[in-house]
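Have a look at the structure below, then the notes.
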Amino acid sequence: MLEAAAGEAAAGFLDALSVPKWVTPLVVPPVMPTAGSTTLRGGKNADLYDIAVRQISQQVLPAPLPPTTLWAYGPTSARSDKATLLFHAPSATIEAKWRRPVRVTWRNELVDADGRFLPHLLPVDPTLHWANPPGGTTDRDSRPVFAATPGPYRGPVPVVTHVHGAVGVGDESDGYPEAWYLPDAVDVPVGHAHDGTWYAFFRSKAEAAHGVSWPAGGATFHYPDDQRASTLWYHDHTLGMTRANVYAGPAGFYLLRGGPHGDDAVIDSRTGQPAVLPGPAPKEGDGFPSSKRYREIPLAIQDRSFLSDGSLFYPDSREFFDGTVGPYLPEGDVSPIWNPEFFGNTIMVNGHTWPTHTVEQRRYRFRLLNGCNSRFLILDLGLPGAEAWQIGTEGGLLAAPVNLTAAHGGRLLLAPAERADVILDLTHVPVGSHIIRNLGPDEPFGGGQPDDDFDVANPASTGQVLQLVVVPATSPDATTPPAFLVLPAIDPLPTTSVRRLALVEEMSMAPELAEDPPPIAALLGTVDATGTWSTSMWSDPVTENPAVGAAETWEIYNSTADAHPIHVHEVVFQVADREPVVIDEATHHIAPAGGARPPDPGENGWKDTVIAYPGEVTRIRMRFDRGGQFVWHCHIVEHEDNEMMRPYRIGPEQPGQPGHPPA
Ligand SMILES: [Cu+2]
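Our numbering applies: residue 132 is where the sequence shown begins, and numbers increase by one.
Written out as structure tokens, the structure reads:
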């Protein structure tokens with residue numbers, strides 16, 4: 132981090148400590164306006180959306196600091212002419228109802244007023260296994276070979292949207308990393324691939340399955356919304372450049388409500404009647420900004436760094452991370468631009484640095500998302516007199532509410548991409564200003580407790596998140612105290628067949644760096660019957676191939692020094708347990724050592740992202756109900772982009788699907 136600090140001083144950095152805090156009011160994302168509705172084959176109704184990603188200017192930092200150029204999703208059209216066509220990062224929230232499908236036409240509109248493509252705002256490393264549009268249809272989605280160390284990619288930007296946490300989605304609609312598409316720009320260079328390896332196959336599949344035809348520079352995805360009510364989010368997933376695309380801004384919440392496991396199924400134990408949860412949340416048709424007092428609010432927490440002109444900063448050299456100055460590819464084996472992790476020096480909530488929000492002495496419901504690239508957050512919700520209760524996780528409501536204040540002193544750990552549904556009871560918090568802090572580290576997280584096991588984030592900057600200005604309640608609070616909430620039951624998944632997987636860090640083999648080899652990639656792999664791990668690259672054939680209908684336990688053996696948030700697409704899972712392991716680096720042997728511990732209380736629900744701690748095996752259980760080609764990966768997006776992601780397939784190969792490149 133010393134090298135990073137020196138780099139910050141040199142590079143025209145905006146000093147994070149010079150950014151005034153608690154100036155910008157918190158933005159509560161409005162509801163994404165529907166473009167229309169349609170009746171599907173079979174008679175079901177579906178909501179239609181038409182959403183583009185565009186380059187915009189947003190006052191992320193408080194004025195008079197300069198605005199920031201970034202990318203954002205927004206609606207291109209709306210059914211109601213009163214709707215606000217807001218482009219904001221994070222963008223408007225898609226409000227979905229249980230068993231009412233949603234169909235989104237996602238458009239890549241990263242073009243200027245003349246229809247010419249806009250280059251990336253941030254440095255894209257072309258030496259990874261990445262989308263690689265310049266490779267054309269033969270070498271797209273590959274790791275290109277260079278004669279000399281290249282600079283960043285400056286061509287048209289590929290994008291593809293994944294709804295994170297969507298269950299039972301067809302693979303054609305999941306935002307597969309090789310299903311990207313360029314904007315329909317007038318000046319895409321001759322020979323560039325306009326879309327990824329899987330795009331055409333999925334386009335045909337979508338047409339056959341849903342009767343949709345994808346536009347040039349876009350894709351129409353179909354979400355069945357059959358799963359439990361839950362807090363999902365959507366973001367980019369392009370191969371080898373997700374870190375840059377997501378950091379540039381495009382992301383938003385997707386809230387699924389209703390059904391037998393939704394809010395209406397929560398009971399007040401005092402009466403046996405339906406409980407009342409804090410609300411309201413924004414609704415379609417509310418103005419923006421709205422004069423309504425929202426009491427159910429999604430909060431996307433993201434770290435960012437800026438240059439003094441207000442532009443986003445993301446490192447353009449590997450040197451920034453650990454001082455490694457090569458030898459870079461092709462001379463050596465170190466990628467010239469990719470950084471193994473990135474930690475911004477400011478904290479944004481809902482797209483603005485250190486915002487402030489006025490709240491009453493009553494209960495609020497916050498749907499918290501860690502939207503950082505690499506940073507684990509430990510939110511301190513232990514405001515004086517407050518009581519924080521976690522009621523849900525990624526896959527919906529927990530089996531029982533967890534009193535975070537009693538159990539963890541009000542602390543809530545969130546890895547990148549994890550969500551928590553939290554009721555914060557401010558009834559007895561003194562009137563005045565209070566700060567939600569972050570006690571996680573400004574560096575990779577390895578587990579443990581703040582101060583005891585690692586230095587907490589800088590208390591003057593990244594250690595602060597959100598100001599709550601507490602005022603007296605203006606009306607009685609009719610919501611149910613969280614202690615009396617009876618949440619819908621969660622049936623444990625039965626014990627199943629076991630698949631053993633490994634997380635591995637790959638170090639440079641360069642003789643020049645042999646004294647202290649720097650990491651050059653993060654890898655996934657399998658562990659065989661003898662306990663020996665072997666690694667696979669993105670380009671290797673599928674090794675995880677559950678049958679349709681299979682229920683499996685995945686044992687994730689972490690051989691690295693850091694915690695990794697592991698995300699499996701298409702399913703939600705239950706955390707079974709974690710157990711220490713013994714690791715033999717020399718023989719690549721890893722084995723459970725006994726002393727398994729149950730999941731944390733806040734993990735006793737359905738999840739889609741789980742922390743795999745170093746020195747442990749983490750066991751998760753899931754069922755695979757729908758065939759197709761999906762991915763599982765680390766959600767430290769720097770890792771995901773550099774080989775810590777693998778394709779996996781449910782069921783057999785599909786006729787006409789792209790073949791894998793030869794090993
Ligand atoms: Cu990772």
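We put the beta carbon where it would ideally sit given N, CA and C, even for glycine.
Using a threshold of 7 Å, is the CB atom of residue i nearer than that to any non-hydrogen atom of ligand 1?
i: C765; result: yes
i: H700; result: no
i: A546; result: no
i: H770; result: yes
i: M668; result: no
i: M775; result: yes
i: A653; result: yes
i: H695; result: yes
Taking 8 Å as the limit between beta carbons, can you name the residues of its chain near residue i, skipping five residues before and five after?
i: P783; result: G758
i: E686; result: V629, R630, R631, L632, V658, V748, T749, R750
i: E771; result: T373, R374, H764, C765
i: D395; result: G389, P405
Can you list, in chain order, the residues of its chain with a C-beta nearer than 7 Å to that of residue i? Leave out the 5 residues immediately preceding and following it.
i: A412; result: Y425, E427
i: G246; result: A316, V317
i: A177; result: S168, T169, L171, R231, P232, V233, R234
i: G371; result: L259, H260, W261, A262, D772
i: V635; result: L654, G656, W664, T666, S690, T691
i: H720; result: G662, T663
Can you tell me where the beta strand (DSSP E) holding residue i begins and where it ends?
i: E637; result: 628-638
i: T477; result: 477-480
i: H539; result: Taken as a continuous stretch (DSSP letters only), H539 belongs to no beta strand (DSSP E), being part of the alpha helix (DSSP H) at 535-539.
i: E427; result: 427-437
i: D270; result: No beta strand (DSSP E) holds D270; the alpha helix (DSSP H) holding it covers 267-270.
i: F384; result: 382-388
i: V747; result: The amino acid at residue 747 is misidentified as Val; the sequence shows Glu. Element bounds for E747: 747-754.
i: Q598; result: 595-602
i: P206; result: 199-206
i: Q521; result: 518-524
i: R728; result: Note, R728: premise wrong, no beta strand (DSSP E); not H, not E.
i: Q785; result: It is not in any beta strand (DSSP E) - Q785 carries neither H nor E in the DSSP assignment.
i: T236; result: 233-239
i: T170; result: 167-170
Could you give the residue range of the alpha helix (DSSP H) that holds residue i?
i: P184; result: Reading off the sequence, residue 184 comes out as Val, not Pro. Taken as a continuous stretch (DSSP letters only), V184 belongs to no alpha helix (DSSP H), being part of the beta strand (DSSP E) at 176-189.
i: D771; result: Looking at the sequence shown, residue 771 is not Asp but Glu. Its alpha helix (DSSP H) spans residues 768-772.
i: A683; result: Note that residue 683 is Glu in the sequence shown here, rather than Ala. Premise fails: E683 lies in the beta strand (DSSP E), 682-689, not in any alpha helix (DSSP H).
What does a CB cutoff of less than 6 Å around residue i pick up in its chain, not counting 5 residues either side in sequence?
i: T215; result: F419
i: N735; result: L529, A530
i: G185; result: First, the amino acid is wrong: residue 185 is Arg here, not Gly. F218, E240, listed in sequence order.
i: Y307; result: W329
i: V617; result: I398, S400
i: K336; result: E303
i: H368; result: V291, H293, G306, P308
Classify residue i as buried or exposed, calling it buried when 16 or more other Cβ atoms lie within 10 Å of its own Cβ.
i: G733; result: buried
i: R728; result: exposed
i: H764; result: buried
i: E134; result: Interpretation of E134 is limited by its pLDDT of 43, a score under 50 that renders its predicted location unreliable; no figure is taken from the coordinates.
i: Q521; result: buried
i: A591; result: exposed
i: F507; result: buried
i: G787; result: exposed
i: S639; result: buried
i: D739; result: buried
i: N501; result: buried
i: D869; result: The structure shown does not extend to residue 869, since the chain spans only 132 to 794, so no value can be given for it.
i: S149; result: exposed
i: H565; result: buried
i: P471; result: buried
i: D540; result: The amino acid occupying residue 540 in the given sequence is Gly; Asp does not appear at that position. So G540 ends up on the exposed side.
i: S466; result: buried
i: F497; result: buried
Length-filtered (4 minimum) alpha helix (DSSP H) runs lying within the segment 315-378
For secondary structure counted as the alpha helix (DSSP H) over 4 or more consecutive residues, the segment 315-378 holds these complete runs in sequence order: 330-341, 373-378.
Every unbroken beta strand (DSSP E) within the segment 657-716, with a cutoff of 3 residues, ordered by chain:
Within the segment 657-716, complete beta strand (DSSP E) segments of at least 3 residues are found at 664-667, 682-689, 695-699, 704-715, given in chain order.
Quick check for students: name the residue ranges of the alpha helix (DSSP H) that lie wholly in the segment 435-513, counting only runs of 4 or more.
Positions of the alpha helix (DSSP H) runs, each at least 4 residues long and wholly inside the segment 435-513, are given as 450-453 in order along the chain.
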